[in-house]
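Notes to accompany the following structure.
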Amino acid sequence: MKRKQTSYFDKESLVVTELSGALDSNDIDEWRQSLNKVLEGLTPGTKFKILVDLHGFTATNFEAHKKFRVVVPETLAAYGWYVGYLRMFPEAQLTISSQQNIYCVAAAHVHQDETKIRNYAENYSMRNEKFFTDSSDARSWVESVCTE
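Just remember that the working numbering sits 392 ahead of the position in the sequence shown, which is counted from 1.
In structure tokens, the structure reads:
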């Protein structure tokens, strides 16, 4: 089953973006659009948390994977956030900015690859960014992070 959606939960100041199933380049474009639409709809001055749930996602080809891998880092950079795992790639060039004074203040990332997630958790976790293999654990953690 394909999942490529983004939702905002105002009470928790939480953006949940989900990508799952075998997805092609068009699916990635639709997912990016859903993420951008939610973020662009936030009230100026909002501080939000994000759950990036990629559990079960596989790219159907290299083109889809290439498109996918830049969505989260590039999108969140426009909201003041530097994704920790980018430290693996010193050549990565991102400009961190703020759209309408809207800022990401915490991020939880979910993926089914335990080896990858263990590496990310050990090397790139911070007090406000963590990596998980279980979506409900990630949601519980990110909801517990204070946005102030």
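For every residue, glycine included, the Cβ atom is placed at its ideal position computed from N, Cα and C.
Source: prediction; values computed, not measured.
Contacting residues, own chain, Cβ-Cβ under 6 Å from T398 (five flanking each side not counted): T409, S426, L427 and V430
field: Range covered by the beta strand (DSSP E) that runs through D529
entry: Segment S527 to S536 is the alpha helix (DSSP H) holding D529; no beta strand (DSSP E) there.
message: Are the CB atoms of F523 and V537 within a distance shorter than 9 Å?
response: no
- prompt: Is the distance from the Cβ of K439 to the Cβ of S405 below 9 Å?
  reply: yes
query: Touching or not, the segment 483-494 and the segment 443-459, by the rule of three or more beta carbon pairs under 8 Å?
result: no
- prompt: My guess is that Y471 and Y516 are in contact by the Cβ rule of under 8 Å, so how many angstroms apart are they, rounded?
  reply: So it is not a contact: roughly 19 Å between Cβ atoms.
- prompt: Mind checking whether E521 and V475 have CB atoms under 9 Å apart?
  reply: yes
- prompt: Going straight from the alpha carbon of W423 to that of K458, what length do you get?
  reply: 14 Å
field: Residues of its chain near R531, where Cβ-Cβ distance is below 6 Å and the 5 sequence neighbours each way are ignored
entry: L443
message: Within a Cβ cutoff of 7 Å, which residues of the same chain sit near N493, ignoring the five residues on either side of it in sequence?
response: If we look at N493 and ignore the five residues flanking it on each side, its Cβ neighbours are P436 and G437.
Expected contact under 8 Å - CB spacing of G433 and Q504 to nearest Å: That pair is no contact at about 29 Å.
- request: Starting from the Cα of M480, find the closest Cα among A499, E535, L468 and K508 and give me that residue.
  value: K508
field: Residue interval of the alpha helix (DSSP H) (run including K459)
entry: F454 to A469
field: Expected contact under 8 Å - CB spacing of L415 and K394 to nearest Å
entry: 6 Å
message: On the DSSP letters alone, give me the boundaries of the beta strand (DSSP E) that Y400 sits inside.
response: R395 to F401
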